[in-house]
Every structure is written in C-alpha cells, then in structure tokens.
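Residue numbers (this note's numbering): 92 to 239.
Yeah, the Cβ is synthetic: ideal placement off N, Cα and C, and Gly gets one too.
These numbers were taken from a predicted model, which means no experiment stands behind them.
Okay, here's the thing in structure tokens:
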C-alpha cells in the first residue's frame, strides 16, 4: 500500500494564514507552547511532540511569517478525524483565530468524506459549540484504554 500524497493547503484572512505546509512549522515554538502553556502535554518530550505531528495532518497559523498557532488532526482521511493540540499564542487570543483554525481544519478538501469528527477539551466547550460541535450524548458507546 502506498503512502498518501496530501497536497498542502492554505487559507488567508487579512494578514493571517493557516497552512498545512510542514516546512513552515516551528517545532521549537510548538514544543514550548505545548509543555509550558497546555494542560495536556506538560511533560511531553520534544521527540514525542515531533512524532505526534508526524503522524497527523498538521496546521500552522501565521501572522505574516511568524507562527502564532497550530492544531493537528489524527485522521484516516476517509471516515474519522480527531482534532487535538489546538493552540493560539496568548498574545493573539481574542481575534477569532482559534475558531478560524478549527473551521479551516473542517474545510480541508482532503477531509470531505470524513463524517466522524471528535475532540476532547476541559475548557473550550462553548468555543466548539459555537462552531457546531456538540457534547457526545451517548458517551457509553465511547471507550478508552487507560494510560499506564
């Protein structure tokens, strides 16, 4: 089986760009944001950060040429997508960039057949609900294998 060749895509809004071009990702900055600003990846190593992005469809948010946000989608490009690691630099919050980023992920043309979209959040339910996401009503169907 061959690997997927997914073309890079970009979205523009004023002086901001969302891009899936991996060459533009600043992994020093991404890793710093995840380990210093997130509640879910405080102890994550740089190797694990890079591995997580390598196994995902990665999105960067840029103001001119400076990276100010990111997200990744774990997906099979056919049926399922798990949105995770959505972050906007604290200095750029309040401009609608997180909402725009999440909308760009959903609008990616290679994901048109994905019908099961999921995410997990401790603190951004209202943000995602405004974008059409909803809390899983029948959570008894969901299962997890607990981390060791």
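Rounded separation between residue i and residue j - CA only
i, j, result
"residue 117", "residue 128", "16 Å"
"residue 92", "residue 171", "The predicted model places residue 92 with a pLDDT of 43, which falls under 50 and marks its position as unreliable; any figure quoted below should be read in that light. Cα-Cα distance, rounded: 19 Å."
"residue 167", "residue 156", "30 Å"
"residue 181", "residue 159", "9 Å"
"residue 207", "residue 113", "25 Å"
"residue 187", "residue 202", "23 Å"
"residue 217", "residue 136", "30 Å"
"residue 74", "residue 177", "In the structure displayed, the chain extends from 92 to 239; residue 74 sits before or after that span and is not available."
"residue 231", "residue 237", "15 Å"
"residue 101", "residue 151", "10 Å"
Spatial neighbours of residue i in its chain, beta-carbon cut-off 6 Å, leaving aside the 5 residues before and after
i, result
"residue 189", "179"
"residue 173", "165, 209"
For residue i, the first and last residue of its enclosing beta strand (DSSP E)
i, result
"residue 161", "157-166"
"residue 201", "Premise fails: residue 201 is in no beta strand (DSSP E) and is neither H nor E."
"residue 111", "Premise fails: residue 111 is in no beta strand (DSSP E) and is neither H nor E."
Three-state secondary structure (DSSP) of residue i
i, result
"residue 119", "helix"
"residue 211", "coil"
"residue 191", "helix"
"residue 93", "Model confidence at residue 93 stands at a pLDDT of 46, short of 50, so the residue's coordinates are unreliable and nothing is read from them."
"residue 135", "coil"
"residue 174", "strand"
The alpha helix (DSSP H) enclosing residue i, as first and last residue numbers
i, result
"residue 221", "216-221"
Counted within 10 angstroms of its Cβ, other Cβ atoms place residue i as buried (16 or more) or exposed
i, result
"residue 199", "buried"
Beta-carbon proximity list for residue i, same chain, < 7 Å, skipping 5 on both sides
i, result
"residue 121", "140, 161"
"residue 185", "none"
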